[in-house]
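Protein chains in written order, with our numbering: chain A, 1 to 248; chain B, 1001 to 1248; chain C, 2001 to 2248; chain D, 3001 to 3248; chain E, 4001 to 4248; chain F, 5001 to 5248; chain G, 6001 to 6248; chain H, 7001 to 7248. Below is one structure, written out as structure tokens; comments come after it.
Protein chains: 8
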Amino acid sequence: MKKEILEKLLKDVQKGDISVEEALEGLKHFPYQDLGYAKIDHHREIRTGYPEVVYCEGKSIEQIKGIFAHIVSKGDNIIGTRANTEKFSAVKSIIPEAVWYEEAGIIGVTLNKKETLNPPISIITAGTSDHRVAEEAAITAELLGNSVNRIYDAGVAGIHRLVDQLPIIRESKVVIVIAGMEGALASVVGGLVDMPVIAVPTSVGYGANFQGVSALLAMLTSCASGVSVVNIDNGFGAGFNASMINRI
Amino acid sequence: MKKEILEKLLKDVQKGDISVEEALEGLKHFPYQDLGYAKIDHHREIRTGYPEVVYCEGKSIEQIKGIFAHIVSKGDNIIGTRANTEKFSAVKSIIPEAVWYEEAGIIGVTLNKKETLNPPISIITAGTSDHRVAEEAAITAELLGNSVNRIYDAGVAGIHRLVDQLPIIRESKVVIVIAGMEGALASVVGGLVDMPVIAVPTSVGYGANFQGVSALLAMLTSCASGVSVVNIDNGFGAGFNASMINRI
Amino acid sequence: MKKEILEKLLKDVQKGDISVEEALEGLKHFPYQDLGYAKIDHHREIRTGYPEVVYCEGKSIEQIKGIFAHIVSKGDNIIGTRANTEKFSAVKSIIPEAVWYEEAGIIGVTLNKKETLNPPISIITAGTSDHRVAEEAAITAELLGNSVNRIYDAGVAGIHRLVDQLPIIRESKVVIVIAGMEGALASVVGGLVDMPVIAVPTSVGYGANFQGVSALLAMLTSCASGVSVVNIDNGFGAGFNASMINRI
Amino acid sequence: MKKEILEKLLKDVQKGDISVEEALEGLKHFPYQDLGYAKIDHHREIRTGYPEVVYCEGKSIEQIKGIFAHIVSKGDNIIGTRANTEKFSAVKSIIPEAVWYEEAGIIGVTLNKKETLNPPISIITAGTSDHRVAEEAAITAELLGNSVNRIYDAGVAGIHRLVDQLPIIRESKVVIVIAGMEGALASVVGGLVDMPVIAVPTSVGYGANFQGVSALLAMLTSCASGVSVVNIDNGFGAGFNASMINRI
Amino acid sequence: MKKEILEKLLKDVQKGDISVEEALEGLKHFPYQDLGYAKIDHHREIRTGYPEVVYCEGKSIEQIKGIFAHIVSKGDNIIGTRANTEKFSAVKSIIPEAVWYEEAGIIGVTLNKKETLNPPISIITAGTSDHRVAEEAAITAELLGNSVNRIYDAGVAGIHRLVDQLPIIRESKVVIVIAGMEGALASVVGGLVDMPVIAVPTSVGYGANFQGVSALLAMLTSCASGVSVVNIDNGFGAGFNASMINRI
Amino acid sequence: MKKEILEKLLKDVQKGDISVEEALEGLKHFPYQDLGYAKIDHHREIRTGYPEVVYCEGKSIEQIKGIFAHIVSKGDNIIGTRANTEKFSAVKSIIPEAVWYEEAGIIGVTLNKKETLNPPISIITAGTSDHRVAEEAAITAELLGNSVNRIYDAGVAGIHRLVDQLPIIRESKVVIVIAGMEGALASVVGGLVDMPVIAVPTSVGYGANFQGVSALLAMLTSCASGVSVVNIDNGFGAGFNASMINRI
Amino acid sequence: MKKEILEKLLKDVQKGDISVEEALEGLKHFPYQDLGYAKIDHHREIRTGYPEVVYCEGKSIEQIKGIFAHIVSKGDNIIGTRANTEKFSAVKSIIPEAVWYEEAGIIGVTLNKKETLNPPISIITAGTSDHRVAEEAAITAELLGNSVNRIYDAGVAGIHRLVDQLPIIRESKVVIVIAGMEGALASVVGGLVDMPVIAVPTSVGYGANFQGVSALLAMLTSCASGVSVVNIDNGFGAGFNASMINRI
Amino acid sequence: MKKEILEKLLKDVQKGDISVEEALEGLKHFPYQDLGYAKIDHHREIRTGYPEVVYCEGKSIEQIKGIFAHIVSKGDNIIGTRANTEKFSAVKSIIPEAVWYEEAGIIGVTLNKKETLNPPISIITAGTSDHRVAEEAAITAELLGNSVNRIYDAGVAGIHRLVDQLPIIRESKVVIVIAGMEGALASVVGGLVDMPVIAVPTSVGYGANFQGVSALLAMLTSCASGVSVVNIDNGFGAGFNASMINRI
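Structure (structure tokens):
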């Protein structure tokens, strides 16, 4: 609960502008709107400066339409992650501004465009198979107003592919490293740059990869300082976090 | 290998200032000094802007003394983590400037003091038992030139202890959340602030805590955006990462 | 084996009302009826005060019809969990009173309606995706004679959505908290209320969620007192347990 | 934050009895007292009806003395868990009323004695080695005002030892089952009684017991309805939870 | 390599009946026949007294037909496990004596019928869902010449269903206990009988069952003596092992 | 509850020899004696034909003395497992017949000696380090009236050491295989003999052995039929189980 | 970065044959070609003496066609692993020389045939179900210029099937052992031969096999010296590694 | 069983030089000598070309002395791994030629010195803390007749420390890479060299390192071809394996 809002409410009560009962009502209901199946947080953009994010997996078409319609009616931007074409079509049918980023699995609705930040966030992947996760991170970052520098398929088995990209990587304020298998790329990048590295383990691999566990553990125990980690395949989280850092 | 250094080397060869053999020698040896048991990276501070960090666990007294002496002789600052009083005494006997941060287990040698950055980094812990990890993060951040806002014992079992600290937390550019057991504090803080949250799971707990795994998994799967995670009990990593973000 | 029944049997023998052989037969057969593929426990409702519960997963249509028919023939109520529409149709074809609760996956047969208990059991979920598990808990509790207070999508990423529901939550005698991902909601609720909290981890999430393990471990290691845990996605168990507590 | 306290504060402001600034200060500071190393929650007993609980593991002698002294100075009862004789002696030296329950590892300070509730909570253990955890549960329950019915060493390898205790077990409103190894006792008891069963897995065993994991998983997947589970070796949590249920 | 066969070979060499080269050839080739894709062990029935067992999963229709044809051509009995109707049909088309045990997933070819052993092996299951595994054990035991006493759906949640079956269980020389979920049945039976108990954990359950791990660990850590364990869902192994014991 | 005892009780009641109340008392108390800290099962030897077994780990000296004294006073044999010299001395001081088997960690009290069974049980170990577990199995089997054939240090890295022992192994009716590391010995023996193999994984090894998990999993998934498994390091369980089979 | 290439570059600069800018450009671009979705490493065959390997899983048809076309245009050989018929057809449509090895899942393009090395690499499998992995290893080794000695279905349950193959196995310089379930074959072979053994655990099995973990752990903890391990089901890695050793 | 020995035996029988009984005796006893607590394999050096290796952990002083004395009496070399100073002293007291390699924990007895092989095996470690494992590998390799090139503390956080060592690494025929934490060094080296890489994960690290699991999984899932893995901390295995390859 934000101090300023509480303070204003208290002052309104003191001045007699609103009654105690009204204040209590205000306190109780202000932060969100209850659709029954979802409680939408309209003050989120004001509070955090970011659009509302809708995690589409596990939600029905009807729920998603309802949520998108409600948020758009307030004039807010939306990022819908882990969507599919069916869910996008449903949203598109009611919100013509909706854009479909297929590789990223993201539905974007941008009513108020922000100016794009510079320098770009660098996103480095170890292999071609990490593409989907990388695009989720990249599109998230772009929808949040950042530019992105995509450096894909630069894994450590051929480390020279990484080394010559270093000059442009070093222009970023924050870098996202995305790798499956043994996830060594995060440590190698972390040792070569002087900025925060957000590491995303992916579930690319088989056997002792255990759906991303090998990369996850490797990234968490990286010998390079400055590496922090998000969940397996969590491109969105990395893009969001990088955007926060980039906007400082 | 930094482009500028390579470029200068190439130019020196072109101008005939140094021979090809000399250039090759320079390329081969410039980046570190080999003590036999350790390869010390003198260009690290120049390259990354940070002091040399020595992880003291698993190194002998003699090795530690040798490494500290060598770095100090070059005029660099040092942070020695996971140390103990015995190792500190050995260092102190040869480097009078060495300072012992007992709760953090850190030996600090600050030959060149930087000015302290503002606003402070907020470090929030869930319980009194997370103290040691928190101090490792805090002293690391301070030795790297940041000020720190310590908010200890503010776990979610009594969430009001957190809520009234929010105004000062919100003045930070980055926040570190340290929690063992179920690690819920990271999600709660992540939902209340608009900045990067670096979460540190601790091994505080027993049984199904599995030496920090419960907190680690919880933080990785946090429903709050903007949370990234470092290794269990890795206060140093969090402090280092937060400092990188704070200095942007 | 219930003392009173044994005692009566022994008294009947003593009085000569039944022979030793008859007593032995009685002891042997009284507690259940053997359908071959299932042993139905008719004394369960008498013994425990609850309807017979049929776990429908892994049972064939024919087995389910047989079991339902047999129980209904004795006039007992039934709760069939983890069912699907096909199994419901089969039951409905022979028991017109059968009711289908689709979201909960429950078939209910209520021959003897109990009066509804008050105050309601509060059921709180972290996100929309936990809906199915929540409905399994809710319908179970309702079929067992309780009223239910549904508070859905109140996760900790926006903790104000929970706080304003506290007054109605506090009217319950027991609360069920259902959450996937990091399961932090159980700790937060546990710290805000003064009653038993039954926590249900759900398999909602991906990556380091490991099909509900992150939430399970988090709930087991909760820093809040008064939280106990049932199996991942076990809405039925939570509803049943809460009903037991609510009826005290 | 309790509605009534907020409401009173608002009314005081409306009446002009306190200024907005005073109200804000009151909101900020009322819920706890900050000792630096700990934030003590004096309103906990009022809010939850329970004494303050201090988890002594991982806290220094000085911290424990400070916390106990502070709570006692407010006239509150205290339960100190996971303590040892050294920590007890330190507390005893400043609080003569402190009592040491050695097998339970609990320090109790009871300034205001409650009347003892009836019927007793039944606590059943599988083997002699589960004693310590059982006593933690039993003493916790007793200090919270309950009477306890101890039924120790009644494991399923000799199930007749359990069966003849059923009549007295059935007089309880809630039962705690404590077992290591395969934890089967929880399922067996759950099938024989008609009340909530709180299961406590213990780390008693070796090999594939994995420090309590075998019992933990067994209890979570119990085929008996009405069983909920707390953390491995968490006697305190079971006693606390049972007390909550017993007081309904 | 059997001593007698080796001895005879050596004697034949000594007598000059066969040359050294022939002896070496004999040693090399006697124990099996190489189909290229499989090495069939014709001496197995002689050596171990049991029919050849063919694990059908992961073998192609053609491979299975080839293996069955080859064994039958030698007049040996066959047990084909983990088969399906398609594979059975293929075998049936070339071996009219083949019999399909659908619930067990077993193809049996019995060219030489053994007399049935008595007393029967008792096979006890916890629930209806363990049926398939139980039938794999039962049919295996029957094809190996044993009679079987099926006691299904006798789980510990209603322990009286088990108790009255004890007299017939006690007539066996060995008992197989099959249970999923928490696997407690193995311990309960182990405490009530005086004979070897072969426990089979099944993958029946969900969540913290982890595809049979909860039952597996519980059975391995059983507090009852005399319980040994086979792999999850390994009905065949249990039936085979019980047959070995029953034939002593 | 044994049918015959129940039957006799019922007949006594029918004849009027005992009252209903006496019968109930008899039923309630006959099976064990309650020492407070332990419930001793005097009918166990009658019921199962085996001595009482006392697991000494986690029991105090006083508890162990009390339990041994009580059992001996009834004239029963005792096997005390996981003991140490201190516990043995305490028992010896009150029971002169007590014998200490140091390598096995077993205290044996044999008041009524059974005649020794033949043929011997074969116990095969992979390495010298498995000695302690092997002796626990061997002494258990011997105290239960079996003879034992010890074949130690016959691991698969030098398989010829095993092969020449086969003739004497094949004279047994049951074999125990004890191995740490990769536990391959169980499969190799299982493929060479025609009798039940009880496999005991040991915690001998390091790294990916995970305290016996590698051997445990290997033995559970053995490609040889006829192998069943007991808990890691559970020599007692293997000896007890083998004795049961040997006595058939 | 290879010393000779760097040296030549520096010398060219010194001689004035190329400018510093050209040298930098050369350093930056020489090692690979960027297709956007993939960075192809043309110098790999020069650098490592091996063809380019394309891991086809997770790459789209278009990406695979692009990568194959590019490599072939340079005259290099290619091995495409984890392919399927659809992907092969696409490659075949543009590269007529492409060959499909169905059981191995490999697409081979051999523009420059090497002479075949002798002696052959021995590849031993435990069972018929390990066939696919074995063929991946065998075809890889063959495409890399080795001959292969296939010894399939020689598992330890019938160890005589292995023993008579030993003479031909001993002619190899390196042996690959492929086994699922308990993976004991690696230890048995390791104890019988005097050469490096590359062990490949397969995911063949069920239950406690955990998709190959039982074989993986067993192979890692093998009591036989000389065994090293690659990832579960990684036939390619074993074939590649064996080829490296065979070519020494 | 070696073909030649068997062949000679058979020929001796054919010629009448030995009787069948003598041949059988010879077959049975030739391969080892039974000390009771150990079966020593005297033909191992002949068979495999390597000294006898004694794993000293878990063996008593007396057992170790007996085993060393016996092997030395046959004139064989010995490598005793995982020893300590106490065990070394005991061996030294009876075998003056014994040498103690403290950092490696190895006792070496070299009665017959082999000439040293060239080129050296390269052993690369990531950090100073991996020293002990590296020395176990190095001393093992040296005692087996190889020379060793030690490159310690060359982890990926400062990748330039590795790059300039490449020329000398490339002179080896096989390389050992030893790393804890995230184990990325194995992938990086694997991508830079054209020879077999034997990777040794170490237990150096904390938290999500899980005693070496993070490095183990990373190395198993390495994106670089040519990497095979031995057990965590298994320096001996790596040295032995590398020696086998080096001697080809």
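Glycine included, every Cβ here is placed at the ideal spot set by N, Cα and C. Small disclaimer: the values here were computed from a predicted structure and weren't measured.
Short Cβ contact (8 Å threshold) for residue i with residue j
| i | j | result |
| --- | --- | --- |
| residue 5224 of chain F | residue 5180 of chain F | no |
| residue 241 of chain A | residue 230 of chain A | yes |
| residue 1077 of chain B | residue 1051 of chain B | yes |
| residue 3080 of chain D | residue 3091 of chain D | yes |
| residue 2182 of chain C | residue 1219 of chain B | yes |
According to DSSP, residues forming a beta bridge with residue i
| i | result |
| --- | --- |
| residue 7052 of chain H | H:7078 |
| residue 7199 of chain H | H:7177 and H:7229 |
| residue 5125 of chain F | F:5178 |
| residue 1170 of chain B | DSSP lists no partner for residue 1170 of chain B. |
| residue 1107 of chain B | B:1080 and B:1100 |
| residue 3148 of chain D | D:3121 |
Test: residue i CB closer than 8 Å to a CB of chain B
| i | result |
| --- | --- |
| residue 3129 of chain D | no |
Contact set between residue i and chain I, taken where Cβ atoms lie within less than 8 Å
| i | result |
| --- | --- |
| residue 7188 of chain H | This model lacks chain I altogether; the protein chains it does include are A, B, C, D, E, F, G and H. |
Interface flag, residue i vs chain D, CB-CB below 8 Å
| i | result |
| --- | --- |
| residue 4203 of chain E | no |
| residue 2178 of chain C | no |
Contact with chain G by residue i, beta-carbon distance below 8 Å
| i | result |
| --- | --- |
| residue 7119 of chain H | no |
CB contact below 8 Å: residue i versus chain E
| i | result |
| --- | --- |
| residue 3122 of chain D | no |
| residue 5051 of chain F | no |
Any C-beta of chain H under 8 Å from that of residue i
| i | result |
| --- | --- |
| residue 6031 of chain G | The predicted position of residue 6031 of chain G is uncertain, since its pLDDT is 47 and thus under 50; no value can be drawn from it. |
Residue-level contact to chain C via CB, residue i, 8 Å cutoff
| i | result |
| --- | --- |
| residue 207 of chain A | no |
Closer than 8 Å to chain A by CB, residue i
| i | result |
| --- | --- |
| residue 1011 of chain B | no |
Residues of the stretch 4219 to 4241 of chain E with Cβ closer than 7 Å to any Cβ of chain F, in chain order: Hits within the stretch, in order: 4220, 4221, 4225, 4226, 4228, 4229, 4230, 4231, 4237, 4240 and 4241.
Q: Give a yes or no on contact between the stretch 4142 to 4160 of chain E and the stretch 4200 to 4220 of chain E, applying the rule of three or more CB pairs nearer than 8 Å.
A: no
Across the stretch 3132 to 3145 of chain D and the stretch 3232 to 3241 of chain D, are there enough close Cβ pairs to call them in contact, namely three or more that are closer than 8 Å? yes
Notebook entry, point to check: Looking at chain D, which residues of the stretch 5092 to 5105 of chain F have a Cβ within less than 7 Å of any of its Cβ atoms?
Noted result: none
ask   = Counting pairs of beta carbons, one from the stretch 4118 to 4136 of chain E and one from the stretch 4097 to 4107 of chain E, are three or more of them closer than 8 Å?
value = yes
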